[in-house]
Amino acid sequence: MAKQYETVIGLEVHVELSTKTKIFCGCSTKFGGRPNTHTCPVCTGMPGALPVLNRKVAEYALKLGIALNCEINQYCRFDRKNYFYPDNPQNYQISQLYLPVCHDGFLEFFVSGEKKRVRIHEMHMEEDAGKLIHDEWEDSSLVDYNRSGVPLLEIVSEPDMRTAEEVIAYLEKLRMICRYLGVSDCRLQEGSMRADVNLSVREAGSKKLGIRTEMKNLNSFKAVTHAIEGERERQIELLNEHREVVQETRRWDDNKEASYGMRSKEDAKDYRYFPDPDLQPVVISDEWLEALRREQPEFQEERKQRFRDTYGLSEYDAGILTQSRHLADLFETVADLSGFPKKTANWLMVEGLRILKEMGMEPEELSFTPEHLAVLIQAVERGEIHHANARLVFEQILEADVEPLGFMEEHGMRIVMDDGALTAAVEEVLKENPKAVEEYRSGKEKVFGFLVGQVMKKMKGKADPGKVNEALKKAEDSLLLIRQR
Amino acid sequence: MKKLYQMSAVELGRQIRTGELIVKEAVDSCLERINEAEPHLHAFLARNEKGLEERICEVEEGIRKGRYHGPLAGVPAAVKDNICTRGIPTTCASKMLEHFVPSFDAEAVRRMEDAGMILLGKTNMDEFAMGSTTETSYFQTTVNPWNREHVPGGSSGGSCAAVAAGEVPAALGSDTGGSIRQPASYCGVCGLKPTYGRVSRYGLIAYASSLDQIGPVGKTAADCAALFEVIAGKDEKDSTSSGKPFEATQELISGGLQGMRIGVPEELLGEGTQEEVRNAVWKGAQMMKEGGARVEFFSLGLTDYLIPAYYIIACAEASSNLERFDGVKYGYRSPEASELHEMYRKSRQEGFGSEVKRRILLGSFVLSSGYYDAYYLKALKAKALIKKEFDRVFERYDCILAPAAPATAPKLGTSLSDPLKMYLSDIDTVAVNLCGLPAVSVPCGLDREGLPIGMQVIGNCFREKEILRTAAAYEALRGEFPMAQLQ
Chain H
1 MAKQYETVIG LEVHVELSTK TKIFCGCSTK FGGRPNTHTC PVCTGMPGAL PVLNRKVAEY
61 ALKLGIALNC EINQYCRFDR KNYFYPDNPQ NYQISQLYLP VCHDGFLEFF VSGEKKRVRI
121 HEMHMEEDAG KLIHDEWEDS SLVDYNRSGV PLLEIVSEPD MRTAEEVIAY LEKLRMICRY
181 LGVSDCRLQE GSMRADVNLS VREAGSKKLG IRTEMKNLNS FKAVTHAIEG ERERQIELLN
241 EHREVVQETR RWDDNKEASY GMRSKEDAKD YRYFPDPDLQ PVVISDEWLE ALRREQPEFQ
301 EERKQRFRDT YGLSEYDAGI LTQSRHLADL FETVADLSGF PKKTANWLMV EGLRILKEMG
361 MEPEELSFTP EHLAVLIQAV ERGEIHHANA RLVFEQILEA DVEPLGFMEE HGMRIVMDDG
421 ALTAAVEEVL KENPKAVEEY RSGKEKVFGF LVGQVMKKMK GKADPGKVNE ALKKAEDSLL
481 LIRQR
Chain L
486 MKKLYQMSAV ELGRQIRTGE LIVKEAVDSC LERINEAEPH LHAFLARNEK GLEERICEVE
546 EGIRKGRYHG PLAGVPAAVK DNICTRGIPT TCASKMLEHF VPSFDAEAVR RMEDAGMILL
606 GKTNMDEFAM GSTTETSYFQ TTVNPWNREH VPGGSSGGSC AAVAAGEVPA ALGSDTGGSI
666 RQPASYCGVC GLKPTYGRVS RYGLIAYASS LDQIGPVGKT AADCAALFEV IAGKDEKDST
726 SSGKPFEATQ ELISGGLQGM RIGVPEELLG EGTQEEVRNA VWKGAQMMKE GGARVEFFSL
786 GLTDYLIPAY YIIACAEASS NLERFDGVKY GYRSPEASEL HEMYRKSRQE GFGSEVKRRI
846 LLGSFVLSSG YYDAYYLKAL KAKALIKKEF DRVFERYDCI LAPAAPATAP KLGTSLSDPL
906 KMYLSDIDTV AVNLCGLPAV SVPCGLDREG LPIGMQVIGN CFREKEILRT AAAYEALRGE
966 FPMAQLQ
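If you're matching them up, the sequences are chains H and L in order. For the first sequence, our numbering gives the first residue as 1, with consecutive numbering after it. For the second sequence, our numbering gives the first residue as 486, with consecutive numbering after it.
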């Protein structure tokens, strides 16, 4: 019988912080500027320039550290990691090795309905490198330092995961926490969240860890899953053939759906880490830490419960709406403004998420004025607009943040609530269709529908069918009374 | 009647302020002196000629309108070539940075400009401030103004020689292990190494970041005090700069030595010290005693560890600080290379001199895995213990008196062949950097060859006022020190 193997996985996740400025200088962190326009002497490593820590970076690190239940090093320090590569203007990266800001935490999440806890080994602050662009035609390389000095947090887990499913759940939970805290938008595709997978296999039941490899360049959850499955199989195959797994860094090729070795332990670099003498140790006061603890937001679990309790939402609805802090915030604001929480939930979940999916956007990208949706929902509830039209208006709110009442008016979607016009239309219809009126009176209920249609036609559709019904009945009743008298 | 070039910076500033002298006269006297001396002195690497006339007019007007009102407004000065000057080449006396022109001014330079001082040029130094003679400069050899056959000391040899020769009344140097105080003593001028963190290092091209400090060179302690006040103070651009306020040093001349407790460490006046140096320092101590100070010998512990700890820490930091010079962004790039690693290798091989390479290798070694604990970490521990020892000493004394160097200036061409011997000659100065202390070197005599001898007054952290006052009081007792007679 074939041996049973267990996969052991630990993750090193890099999260790009969403501070406005870089970690050691005042340059913008905005994505996509012209090459080398978001740079200064500090982030291009000019002689004589010195780094100064952006306090926001430490604040974000602490916020995440608290959320990940970490111990905080209240005296932490930056170290230099020395290696020569042109994307790194100083030829050393400022990082943390000896005294990282956070350590020994954990992250809990659910996998197939079961609670899973993954321990966090440590978390540290560091700077990102620039970007190299290789010009094959010119046989030259160009460097863009716009990314140089963008702040990163590296979150190193213990080897506590066993399956790709657990890894994805860990990443999703980590991403949700980062987004709830507002410390990072964590987009894998854009590289603002990067996961390196450390994986080894061992015989089931064995306590000893196998030799691990580190997989880099995983740009999507799909890539992470495939890389884990592929690497697990590769290692098991080696072991079954009584060959050794080599400790090495491997690079995932998404197009080929395969990985290849980059460098092995033998040619591992000696980074000559030492404390950076240009930066003072970061001293984190009890007061600062306490203030940050108080500022921790309500995370998904608590918020979900509150949405159920306060707004009477179902478990499912509350779960979906709290997947993103932004979506939950939007829901809450609109629900409170409109006074129709359940309707708000329906609009956001059914229409909102559908439209987002069609446009290929994430809930974080919703950026309309909450009042606009609240007003629309109220209009629907007052019967001022047909549901089908309301959906169109909602789309416009999402896409262009239009003011719904004005838009309805402009496009003739607003149901006329003016009783005078309706009464006049009803009277006209009654006058013009004496035969139908007669038939109705004699008990032919079906004719009523015809009369409603005639009124609607006169109103050019700008009338609420309910109201028309009501007005027609009222008019007939009074006619009846007059006759009887 | 004193010639202009013989005047101290403070005296020149006073005459400009009172209108006895206009700025242009002061500058012209310096330029004249530079033209006279430079052909054999070689203290300057670059002259700041572009825009000089406009700057003179601007400062002259600024002084008359009260915009520049400090004691050094209108006073010309030079700056060591490892301190960035916008638009003026800043080479660190290295082929590596031969054509490097900074896009910004160092904070110290900016403050000098703000004080109305006039930058005349950049001075020669040991390559990347590594050396004790200014002979490791890639470009030229500066000679000692007192005797052309001798070195001016280093690494701030250009700045000290320029002040000694009267080319400028004041200059900036930098001091990582004695690089201001030792050349000041060889050249018979006054040089201050401030407390670590007093002067912003922003724009100082780093040698060893935890030890480097920019400081003033002048003819007198009062000159150093005035220039120190101009450049010192908190700078947000340097995380290691201190916001600790400093008292005005203006009235330091009035302070005496009465009641001052001065300690003289026996270990720094031992056998390794040239007899004339020992005698001169001893005589200085005697003079201060007569001036009212309480002077006594004491034993300073851990002196055997000073040089090893210093060189391990300095070289470790240097090996990392100098990594950025790789031919990619600025500086020298070898034309020979055809791929990346060859470019790194050749650019650095051809761009750095041998002393710089020696220190990079030494530093890379002590930081490499397996040696970090044995060398670098141990050196840090030694540093902490040495600091403790000085804390103990400063419980008993206000100031420490010591030679600035064990001997007077050696002959040109005699030092580099034995680097270890050269390193050992730093014994008198490195403790101050390891502990972040302030120290001033003041001339205290001449040896039989007529070469100056310097004496250090070392104080506790942030006590610049105390050591400058002591030095000034000593100067008053000593009388005016002669100027170098250019041969």
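Backbone N, C-alpha and C fix where the C-beta goes; we use that ideal spot for every residue, glycine too.
For N82(H), the residues of chain L that pass the 7 Å Cβ criterion are S805, E808, in the order they occur in the chain.
The continuous stretches of beta strand (DSSP E) do not include A463(H), and DSSP gives it neither H nor E. For F783(L), the beta-bridge partners assigned by DSSP are P750(L). With contacts defined by Cβ atoms closer than 8 Å, V118(H) and E158(H) form a contacting pair. The segment 841-893 of chain L is shown to contain whole beta strand (DSSP E) runs of 3 or more residues at 884-888, in chain order. V183(H) and E546(L) have their C-alpha atoms some 52 Å from each other. Residues of chain H whose Cβ lies closer than 8 Å to the Cβ of F837(L) do not exist; the shortest such Cβ separation is about 14 Å.
Counting only residues of its own chain and dropping the five nearest sequence neighbours on each side, H635(L) has a CB closer than 6 Å to the CB of N629, A894, K896. D276(H) sits in coil when the DSSP states are folded into three classes, being neither helix nor strand. The three-state secondary structure of D599(L), taken from DSSP, is helix. With at least 16 other beta carbons inside 10 angstroms of its own, Y687(L) counts as buried. Contact with chain L is absent for N146(H), since none of that chain's Cβ atoms lies less than 8 Å from the residue's Cβ.
Here the C-alpha atom of I320(H) lies approximately 34 Å from the C-alpha atom of S28(H).
Excluding five sequence positions before and after G777(L), the CB atoms of its chain that fall closer than 8 Å to its own CB belong to G741, L742, Q743, G744, M745, given in chain order. Taking every protein chain shown into account, the CB of R325(H) has 16 or more other CB atoms within 10 angstroms, so this residue is buried. One thing to note: I952(L) has its Cβ no nearer than 8 Å to the Cβ of A916(L).
When CB distances to chain L are screened at a threshold of 7 Å, not a single residue of the segment 99-111 of chain H falls below it.
C-alpha of D79(H) to C-alpha of P275(H): approximately 4 Å in a straight line. The Cβ of T163(H) sits no closer than 8 Å to any Cβ of chain L. E403(H) and G816(L) have their C-alpha atoms roughly 59 Å apart. Going by DSSP, C102(H) is part of the beta strand (DSSP E) stretching over 102-111. Listed in chain order, the alpha helix (DSSP H) elements of length 4 or more contained wholly in the segment 764-837 of chain L are 791-806, 825-836. Under the 8 Å Cβ criterion, the segment 546-559 of chain L does not count as touching the segment 678-697 of chain L, having fewer than three qualifying pairs. About 18 Å separates the CB atoms of L537(L) and A494(L); that is not less than 8 Å, and the two are not in contact. Ranked by how close their Cα comes to the Cα of M125(H), the residues E154(H), L99(H), A164(H), K435(H) have E154(H) in first place.
Under the 8 Å criterion on CB atoms, K814(L) is classed as interfacial with respect to chain H. The Cβ atoms of G703(L) and C675(L) sit closer than 8 Å to each other. Contacts with chain H at 8 Å (Cβ-Cβ) include D723(L).
Between the C-alpha atoms of H38(H) and F613(L) there is a straight-line separation of about 29 Å. Looking at the DSSP output, L537(L) sits in no beta bridge, so it has no partner there. Closer than 8 Å to the CB of R818(L) there is not a single CB belonging to chain H. Here the segment 650-660 of chain L lies against the segment 690-702 of chain L, with 3 or more beta-carbon pairs under 8 Å apart. Put simply, the CB of V52(H) is near chain L, with a gap under 8 Å to one of its CB atoms.
Neighbours of R843(L) in chain H, taken as residues at a C-beta separation under 7 Å, are lacking, since the least C-beta distance is about 17 Å.
Using a 10 angstroms sphere on the CB of K63(H), the tally of other CB atoms reaches 16 or more, which defines it as buried. At the C-beta level, E874(L) and G786(L) come within 8 Å of one another.
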